[in-house]
Structures are given as C-alpha cells and as structure tokens.
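Counting in my numbering, the sequence shown runs from 4 upward without gaps.
Cβ atoms here follow ideal geometry from the backbone N, Cα and C, with glycine treated the same way.
Below: the structure, in structure tokens.
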Amino acid sequence: MLLVSADQDNEPPLLRRESLFPGVPDEDWNDWHWQFRNRITSLPQLARFVSLPTARLQQLQEVTRNFRFGITPYYLCLSDPADPHDPIARQSLPAIEEYLYRNTGEDDPLHEEHSGIPGLTHRYPDRVLLVISNTCAMYCRHCTRKRIMGEGAVRPVDLDRMIDYIKSHTEIRDVIVSGGDPLMLSTSRLEEVLSRVRAIPHVQIIRIGSRVPCVLPQRIDAELCGMLSKYHPLWINVQFNHPRECTPEATRACDMLLRAGIPLNNQSVLLRGVNDDAETMRALIHGLLRMRVRPYYLFQCDPVRGSEHFRTSIAKGISLLEQLRGHTSGLSVPTYVIDLPGGGGKVPVGPEYLMHYDERAGTAVLRNFQGRVFPYVDPSHDREPEAPSQDASEPPAPVRDDSTVVQVQGALPAHAGEPVSVSESAPASVAP
Ligand code: SF4
Numbered sequence: 004m005l006l007v008s009a010d011q012d013n014e015p016p017l018l019r020r021e022s023l024f025p026g027v028p029d030e031d032w033n034d035w036h037w038q039f040r041n042r043i044t045s046l047p048q049l050a051r052f053v054s055l056p057t058a059r060l061q062q063l064q065e066v067t068r069n070f071r072f073g074i075t076p077y078y079l080c081l082s083d084p085a086d087p088h089d090p091i092a093r094q095s096l097p098a099i100e101e102y103l104y105r106n107t108g109e110d111d112p113l114h115e116e117h118s119g120i121p122g123l124t125h126r127y128p129d130r131v132l133l134v135i136s137n138t139c140a141m142y143c144r145h146c147t148r149k150r151i152m153g154e155g156a157v158r159p160v161d162l163d164r165m166i167d168y169i170k171s172h173t174e175i176r177d178v179i180v181s182g183g184d185p186l187m188l189s190t191s192r193l194e195e196v197l198s199r200v201r202a203i204p205h206v207q208i209i210r211i212g213s214r215v216p217c218v219l220p221q222r223i224d225a226e227l228c229g230m231l232s233k234y235h236p237l238w239i240n241v242q243f244n245h246p247r248e249c250t251p252e253a254t255r256a257c258d259m260l261l262r263a264g265i266p267l268n269n270q271s272v273l274l275r276g277v278n279d280d281a282e283t284m285r286a287l288i289h290g291l292l293r294m295r296v297r298p299y300y301l302f303q304c305d306p307v308r309g310s311e312h313f314r315t316s317i318a319k320g321i322s323l324l325e326q327l328r329g330h331t332s333g334l335s336v337p338t339y340v341i342d343l344p345g346g347g348g349k350v351p352v353g354p355e356y357l358m359h360y361d362e363r364a365g366t367a368v369l370r371n372f373q374g375r376v377f378p379y380v381d382p383s384h385d386r387e388p389e390a391p392s393q394d395a396s397e398p399p400a401p402v403r404d405d406s407t408v409v410q411v412q413g414a415l416p417a418h419a420g421e422p423v424s425v426s427e428s429a430p431a432s433v434a435p
C-alpha cells in the first residue's frame, strides 16, 4: 500500500489513485457516474485494498449487517485504507467499534421522526427539514441518520404531503432539504423538489445539506449548477471534517457552486481521532477559507447507536474553540453547537469570556484570548439612574428585579488573571 503523508495546511494531498486504481483513464475518473458505479460497498471489494484476516472479516460482517457501507474511489484515495487510525478511513470504512457500541446511543437521538410525516421535521418556528432520500455518495460512519441508511432500500418519500404541510404553515420561511444526500438525486428529480418548494410564496430561502462536494466532487457539473441557480436564494451546507479533504477537486466543485451564486457554509462534526486537536482543526478551517467556504458550525457528535467511539467530551470542544478564538481570523472560527438529545434543538457552547457582569451598575469584566482581564462599562443611557440620596423617612427606591449579575469564575483558564475591581473611572485596560 502506498503511503503518502499530507501537509495539512499547505499542499493538497497526493491522491493514491495510481496505486489503488491503476489504469483508470481520466475520462472515467472524472465522471461522477463512474465514481458512483465503482463505489466499494462490500467487504470482498474492500479486501482488495485492505488486509482483512478472518477474525476481522467476521467482526466487520456484523458491522455491515447493521450499518450500511459505501465509499467512492475518489474518497478512498484520500486515505491510507490500511491504517485504521487514518482520519479519512475512520470516517468512511466500517470499524469493529461500531459493533462493540451497537447498543450504546439511540437510533434517532434528535427525535427527528415525530412530525407524523415521514422525513419532515418541524422543530423551530420558521424552519422545516425535509429528508428526501437515504442515498449518499459515501456513508459516514458517524452519521446521525444511520437508522435510515438501510442497505439497498430507497426511502419512500411522500413529497405531496411535505409540500402540503409547508403550504399550510405560513410561518415557514426557510426549508432545509437534506437526506441522505439531495445531490445524489438525479438533477431532474431534485429540480422537481426545489421547484415545488420555491413555488410556495412564503418560503424565502432554501438550504441543501450535502457532503457531495467533499466525497464526490465530480458530481458538481455545469448542468447541476445551472439547475440550482434557478431557485435562488439557495444556500448549501457542506461537511468537510479534515484538512486532507480540501483537495483541488473539492476546490473546483465549491468554486462552481459559488459562481452559480450559492453561498457555502461548512458544518463539521467534532470526531475523536479525526479532527479533535487544535492543529488539525486550524488546518481545516484555513483550508475551508481558501476554498471560500465559511466554517459555520462545529457539531458535537450525536449519541447515535454505533458511534460512541467518535464522541468527545464537551470540555474537549470548548478547549478547541479556546485555541482558535483570537489565535486566528474570527471569520474562520465556527460556532460549536450541541444538538440536544430528545429534540431540544441546537445550543451554542463555548469558552466564557464574560467573567462578571452587573447589569444594574452597567459594569463588566471580560478576559481576552490571552487570558488578560479588562473592565468594560455600559453606555450611560442603558444604566439604572443613580438613586438620589434619600431621607431616612422615605421608603427605599424599588429595586429592579430583572437586572442581571453574572459571575463566571469557573470558566477561567489557569493562566487568567484575577478579576479587577471596576469603576467608571477605571482605565480602559488593566492588562499588563
Ligand atoms: S453524507 Fe450526510 S446523511 Fe449521508 S452518511 Fe454522511 S452524514 Fe449521513
């Protein structure tokens, strides 16, 4: 097996195409139909690239009985498939941990299947999620929707009921089309979905969730971009999890979508052994910015059955954010979010920079990315006017019961200084 180490922040990785798929002409390699037809979807196929001793083969048979498997030749070539610790292989190749953790977690931790219309989730007031297929170019081992990726099954989608639901809920202004991967539908089928959603007057924006630019960038062609550009305002959320995925092929695909007027936001998943260290995360977000893709969310990995080995602690996520914020462009720092089990929705989590805040006094103490401590004073027009000195015979002035006092000592890093006493006449900075 040819091993190539990737320079994570500068050079695109060298593809292993010649060693893994010798003799495939460019015409085929760059044709997404060829890539899709030649996906590795079974263990005997995988055994051509990875040594699978009998014991491991038996274990992986248990895994693939439970969880669907499929990887494009292109994406396989970004990995060292023989190395189980390889970050690309970890995301794409079945692993015995999926079997070991088959009873840990839930099939549907986010409670997406509760609307009464299969595939439709209406959790937030003005947005709705449509899961319109269960086909992906590559089946991510950490996928939140592993439950719907039954091998060979095509999910029946009642588009009529979905459309009727959106029509009857005039508060919906944002429709998220996801899957499975919507870009794996035929262009004509996807156009049917988009045109019917776009025809609903109160729908303002359409968003598509797709991993295709990352795992099958050949799919992004002029025909697809031309069709998508008819349904603006249209956004696409992509998922890149490792800097090695930011290849010239992915850059070309993203560039075509951007030139079609489609803003691209990245939704990474924080994955143990893939991107849970600051160096990798920094290289990833820098790679995304070079592709003009905005790092938007960093998701805590959901507690999905068979994915426990990918999960990290919240402390790990906060620590990563701490090592990014202020240390690199703010534009590149994603919002770290936890999608609450049970359908509670997404909540942002991150390092605490507001150490103390007294709303009534209008004073605050904040720390910066270096742990240096600064006082801050609210504008006078937003502060409680000072009560005049009172005669002892008068009743005391009423105290506002909606004021806020925040004291967040526990969030301080070890190197931070002590909070300073604050007064309006304090200097702008008390940092050393
Ligand atoms: S592309 Fe998305 S839906 Fe498909 S397997 Fe990966 S995470 Fe799941």
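- Of the residues assessed, K233 falls on the exposed side of the cut-off, its CB having fewer than 16 other CB atoms within 10 angstroms.
- About 19 Å separates the CB atoms of V196 and P216; that is not less than 8 Å, and the two are not in contact.
- Sixteen is the threshold: when 16 or more other Cβ atoms of the shown chains lie within 10 Å of the Cβ of S136, as they do, the residue is buried.
- M294 and E248 have their C-alpha atoms roughly 11 Å apart.
- Taking the Cα positions, H114 is about 30 Å away from S45.
- Out of M284, L357, R255, the CA that lies nearest to the CA of I223 is found in R255.
- Per DSSP, G348 is one residue of the beta strand (DSSP E) stretching across 348 to 351.
- Remark: fewer than three beta-carbon pairs, one from each stretch, lie closer than 8 Å, so the stretch 66 to 75 and the stretch 199 to 211 are not flagged as touching.
- Here DSSP, grouped into helix, strand and coil, assigns P298 to strand.
- L334 counts as exposed, since fewer than 16 other beta carbons sit within 10 angstroms of its beta carbon.
- Counting only unbroken stretches of 3 or more residues, the beta strand (DSSP E) elements lying wholly within the stretch 241 to 291 are 267 to 273, in sequence order.
- With a contact defined as Cβ atoms closer than 8 Å, V307 and K170 miss out at about 32 Å.
- Proximity of the beta carbon of R150 to the ligand SF4 is not indicated: no heavy atom of the ligand is located closer than 7 Å.
- For Y102, the enclosing alpha helix (DSSP H) stretches over residues 99 to 103.
- In this structure, the beta-carbon distance from I91 to H289 does not fall below 8 Å.
- In the three-state scheme derived from DSSP, where H, G and I count as helix and E and B as strand, L55 is classed as coil.
- Per DSSP, reduced to three states, the secondary structure at Q303 is strand.
- For N41 and L81, the gap between their C-alpha atoms comes out near 16 Å.
- Along the stretch 184 to 233, the beta strand (DSSP E) occurs as fully enclosed runs of 3 or more residues at 208 to 212, listed in sequence order.
- If you check the CB distance, V134 and G122 come in under 8 Å.
- Around L49, the same chain offers I43 as residues with beta carbons nearer than 6 Å, after the five sequence neighbours per side are excluded.
- The DSSP-derived three-state label of A140 is coil.
- Comparing alpha-carbon positions, the option among L227, G276, T283, V178 lying closest to M259 turns out to be L227.
- The Cβ-Cβ distance between R314 and F372 does not fall below 8 Å.
- Around the Cβ of Q94, a 10 Å sphere holds 16 or more other Cβ atoms; the residue is buried.
- Cβ neighbours of Q38 within its own chain (closer than 7 Å, five residues either side excluded): T75, P76, Y77, L219, Q221.
- In the three-state DSSP reduction, I151 falls in the helix class (H, G or I).
- At a threshold of 7 Å, R68 does not count as near the ligand SF4, since its beta carbon sits no closer than that to any of the ligand's heavy atoms.
- When secondary structure is reduced to three states using DSSP, L123 falls in the strand class.
- Just measuring C-alpha positions, the residue of A85, L323, P47 sitting nearest F72 is P47.
- Closest in alpha carbon position to A225, among A286, D184, C257, I239, is C257.
- In this structure, the CA atom of P344 is about 11 Å from the CA atom of D110.
- In this structure, C139 has its CB closer than 7 Å to one or more heavy atoms of the ligand SF4.
- A318 sits in a helix when the DSSP states are folded into three classes.
- The C-beta of G229 has fewer than 16 other C-beta atoms within 10 Å across all chains shown, which makes the residue exposed.
- A check of alpha carbon separations from D361 across P351, P378, G374 identifies P378 as the nearest.
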